[in-house]
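Asker: Have a look at this one before I ask anything.
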Amino acid sequence: MDEIAILGVGMHPWGKWGRQFTDYGTVAARDALDDAGVDWNDVGFVSGAITVRCGYPGYVAGSTFAQKLGFNGAQVASSYAACASGATALQVARGQILSGATDVALIVGADTTPKGFLAPNEGDRPDDMDWLRFKLVGATNPVYFGLQARRRMDVYGATQEDFARVKVKNSRHSVHNPRARFTKEYDIDDVMNSPVVSDPLRLLDICATSDGGAAIVVSSMEYAKAHGHTDPVRVAGISTVTPTFPDTMIDLPYLATDSAGETARPERGFKQSIGDRVYAEADLGPDDVDVAEVYDLSSALELDWYEQLGFCAEGEAEKLLNDGVTSIGGRLPVNPSGGLGAFGEAVPAQAIAQVCELTWQLRGQAEGRQVEGARVGVTANQGLFGHGSSVLVRK
Amino acid sequence: MTKQRVPAVEGMFTMGDEPRLIGGKVPGRETYFFPKHVAGGDPAAVGAELEEVLLSRTGTVWSYTTSDYQPPPPFVANTDPYEPITIAAVQLEKEQMVVLGQCVQGITPDDLTVGTEVELVVDTLYEDDDHEYMVWKWKPVEAGENG
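Pasting the structure below:
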């Protein structure tokens, strides 16, 4: 797969700031443009990641941010793929660059989230799975995380202490991240003493919902070279795959899985296929990865990703964690940013934020949390309704 | 006067002594869907006229969890104050699919393990002055005998 260059990245710090989402996205976009040294008038394409929680401007995020930055006539698109929206927006921008339609693109996503559980849109809508799961089962997002976590315990012998150690690790990573919302270092007792939300997961195992914004400026390799970016971080693969039928892992927002009564389960499940695709595009494999940012909606889900991305065999993630392999200083640090546990969900921004972190890591700019010598990084993420999301970056 | 018992959402399950979930099935294929209108995914089913089918009444627990805090609307709590609910994902053998549901009141994670046999019952989800709104729930098969 042809590569594109990451010229600049930017983020608005995550938190609960109570301002409009456009404020966060605009700050992130300006930071990314400054970091890239690119004039806004050189940006030929704006790829916005949609938020469905902030009214009409959120649905047309691409043009909303284009206007906030000052309409310059750039082409525009807006993408929605729930938590995978940022990767989809990057995918759209890559297509524009590799087709030759534009040299430089801005990807931007930002959100303002309400307090508490993410909830479905209002109204009486029995045809909407996202409505039905709350109405009939009370199946919040943490319920699905809890099901996966309990399955790890009963099938692989994982313990609640294992899950807590993921949080302890990531909180240690977050201490030096100026953009993280939560930068307190927790110990196992802190996690184990926090209240149960969805058994076996506790409050500190589960990520919060946050305000935040992130942006990336990408270009063709030719443009990068012509403008002094001699050795940029490159995007070597993007995966936005959908599942292959039948997908028999229960997942948001469904009440049931696909049926494997007629068609046998695919050899690789949906989550595995997300990484498979990105490795294939980059012509690299899990052994080549130096650092990863994965979607730790819960501490236990981070462990699932170790296996789904091929860092270890099924059932061996706890060993990888407890051997220190995935801590900064280990062979394959995971979530050096602190992960979602330190940031919280800002849905359209988070897949972009993962790429921002890996870019800083590969440039050697992740002060206080640097993974030494990192040259290949991978992200993993997933949006409800069957949206895969993974980006592989390399130096 | 006893309240009228009505399904919380129409068309998803049958009532009565041996309630069943109402699913969809591709004619001539052992491919099932629940709810029946969520028929996407199977490339072989595109354009097929789905049959309505009653899904298996029993299955085994694939995993289980709780909601210790009250879920947001449209969920309506049946107790005030809210009491944690236990939720199970249940593997149906014939259909080779997993279906979510609340467990009957009183069942906690301590009563369950991966592989526990459960059966489908219909129970109150919430009520108002005139109606009891009913939903399917999972109940361990031995729960009755052990009290």
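If you read the protein sequences in the order shown, they are chains L and Z. The working numbering numbers the first residue of the first sequence as 5 and each following residue consecutively. The working numbering numbers the first residue of the second sequence as 4 and each following residue consecutively. Glycine included, every Cβ here is placed at the ideal spot set by N, Cα and C.
Got a sec? Which residues, its chain only, sit under 8 Å from Asp308/L by beta carbon, not counting five neighbours each side?
Answerer: Closer than 8 Å at Cβ, skipping near neighbours: Gln152, Arg156, Lys275 and Ala321.
Asker: Does any residue of chain L have a CB that is nearer than 8 Å to the CB of Pro143/Z?
Answerer: Not closer than 8 Å to any Cβ of chain L, the Cβ of Pro143/Z fails to qualify, so no.
Asker: In chain order, what residues of the same chain lie with their CB nearer than 7 Å to the CB of Gly150/Z, ignoring the 5 residues before and after it?
Answerer: Because the pLDDT of Gly150/Z is 41, which lies under 50, any placement of that residue in the model is unreliable, and the question is left without a value.
Asker: Can you tell me the Cα-Cα spacing of Arg238/L and Glu7/L, whole angstroms?
Answerer: So the two alpha carbons sit approximately 6 Å from each other.
Asker: Please confirm whether Lys173/L and Asp209/L have their CB atoms less than 8 Å apart.
Answerer: Taking 8 Å as the Cβ cut-off, Lys173/L and Asp209/L do not qualify as a contacting pair.
Asker: Strictly under 8 Å for the Cβ-Cβ distance: is Arg8/Z near chain L by that measure?
Answerer: Closer than 8 Å: no.
Asker: According to DSSP, is Val121/Z part of a helix, a strand, or is it coil?
Answerer: The answer is strand: DSSP assigns Val121/Z an E or B state.
Asker: Taking 8 Å as the threshold (beta carbon to beta carbon), is Ser214/L in contact with chain Z?
Answerer: No, Ser214/L lies away from the interface with chain Z (no Cβ there is under 8 Å from its Cβ).
Asker: Please list, in chain order, the chain L residues whose beta carbon lies closer than 7 Å to that of Arg32/Z.
Answerer: Those within 7 Å of Arg32/Z in chain L are Glu266.
Asker: To the nearest angstrom, how far is the alpha carbon of Arg32/Z from that of Glu266/L?
Answerer: Roughly 6 Å separates the two Cα atoms.
Asker: Should Ser263/L go down as buried or exposed, given a rule of 16 or more other Cβ atoms within 10 Å for buried?
Answerer: With 16 or more other Cβ atoms within 10 Å, it is buried.
Asker: Quick one: which unbroken beta strand (DSSP E) runs of 3-plus residues sit fully inside the segment 171 to 209 of chain L? Chain order, please.
Answerer: Within the segment 171 to 209 of chain L, the complete beta strand (DSSP E) runs of at least 3 residues are 200 to 202.
Asker: For chain L, find out if any of its Cβ atoms is closer than 8 Å to the Cβ of Lys39/Z; answer yes or no.
Answerer: By this cut-off, Lys39/Z is not an interface position.
Asker: Of the residues that make up the segment 114 to 142 of chain L, which ones have a beta carbon closer than 8 Å to any beta carbon in chain Z?
Answerer: Those would be Gly120, Phe121, Ala123, Pro124, Glu126, Asp128, Pro130, Asp131, Met133, Trp135, Leu136, Arg137, Phe138, Lys139, Leu140, Val141 and Gly142, in chain order.
Asker: With distance defined between alpha-carbon atoms, name the residue in Ile90/Z, Ala51/Z and Arg23/Z nearest to Ser59/Z.
Answerer: Among Ile90/Z, Ala51/Z and Arg23/Z, the Cα nearest to that of Ser59/Z is on Arg23/Z.
Asker: Please compile the residues from chain Z whose C-beta is within a distance smaller than 9 Å of the C-beta of Asp292/L.
Answerer: Per Cβ cutoff of 9 Å: no residues; Asp292/L is ~33 Å from chain Z at best.
Asker: Tell me the rounded alpha-carbon separation between Thr17/Z and Ile25/Z.
Answerer: Rounded to the nearest angstrom, the two C-alpha atoms are 7 Å apart.
Asker: Could you confirm whether any beta carbon from chain L is found closer than 8 Å to the beta carbon of Ala51/Z?
Answerer: No, Ala51/Z lies away from the interface with chain L (no Cβ there is under 8 Å from its Cβ).
Asker: For a contact defined as C-beta to C-beta under 8 Å, what are the partners of Leu128/Z on chain L?
Answerer: Within 8 Å Cβ-Cβ: Leu140.
Asker: Note the first and the last residue of the continuous beta strand (DSSP E) segment covering Phe49/L.
Answerer: Unbroken beta strand (DSSP E) run through Phe49/L: Phe49 to Ala53.
Asker: Quick check on this structure: which residue in Val395/L, Ala357/L, Ala260/L and Pro337/L has the alpha carbon closest to the alpha carbon of His40/Z?
Answerer: Nearest of Val395/L, Ala357/L, Ala260/L and Pro337/L to His40/Z, Cα basis: Ala260/L.
Asker: So which residues of chain Z does Val200/L contact, with C-beta pairs closer than 8 Å?
Answerer: In chain order: Thr69 and Asp71.
Asker: Between the segment 282 to 290 of chain L and the segment 52 to 71 of chain Z, can you find at least three pairs of beta-carbon atoms closer than 8 Å?
Answerer: No: the two stretches stay apart, fewer than three of their Cβ pairs being nearer than 8 Å.
Asker: Whose C-alpha, out of Asp115/L, Val50/L and Phe347/L, is nearest the C-alpha of Asp107/L?
Answerer: Nearest of Asp115/L, Val50/L and Phe347/L to Asp107/L, Cα basis: Val50/L.
Asker: Would you say Gly342/L reaches chain Z, if we count a Cβ-Cβ gap shorter than 8 Å as a contact?
Answerer: Chain Z, which has no Cβ nearer than 8 Å to the Cβ of Gly342/L, makes this no.
Asker: Roughly how many angstroms separate the alpha carbons of Met15/L and Asp71/Z, rounded to a whole number?
Answerer: Rounded to whole angstroms, Met15/L to Asp71/Z spans 34 Å at the Cα level.
Asker: Just the C-alpha distance for Gln354/L and Thr187/L, rounded to the nearest angstrom, thanks.
Answerer: C-alpha separation (whole angstroms): 17 Å.
Asker: Anyone know if the C-beta pair for Thr117/L and Thr68/L falls short of 8 Å?
Answerer: No, Cβ-Cβ distance for Thr117/L and Thr68/L is not below 8 Å.
Asker: Please state if the CB of Ser302/L and the CB of Ala168/L are separated by a distance shorter than 8 Å.
Answerer: The answer is no: Cβ separation not under 8 Å.
Asker: Specify, as a first and last residue, the run of the alpha helix (DSSP H) that Ala353/L falls within.
Answerer: Val351 to Arg367 is the span of the alpha helix (DSSP H), which, as asked, contains Ala353/L.
Asker: Does the Cβ-Cβ distance between Phe389/L and Pro75/Z come in under 8 Å?
Answerer: Result no, Cβ atoms of Phe389/L and Pro75/Z do not sit closer than 8 Å.
Asker: Per DSSP, what kind of secondary structure is Asn45/L in: helix, strand or coil?
Answerer: Helix at Asn45/L.
Asker: Show which residues of chain C have a CB atom less than 8 Å away from the CB atom of Thr244/L.
Answerer: In the structure shown, chain C does not exist; the protein chains are L and Z.
Asker: Would Ala78/L and Val31/L qualify as a contact pair, given that the criterion is a beta-carbon distance under 8 Å?
Answerer: In this structure, Val31/L does not lie closer than 8 Å to Ala78/L by Cβ.
Asker: Between Arg373/L and Tyr310/L, what straight-line distance do the alpha-carbon atoms span, to the nearest angstrom?
Answerer: When rounded, the distance between both Cα atoms is 20 Å.
Asker: Residues of chain L with CB closer than 8 Å to the CB of Ala92/Z, please, in chain order.
Answerer: Ordered by position in chain L, the residues that pass the 8 Å Cβ test against Ala92/Z are Leu151 and Ile254.
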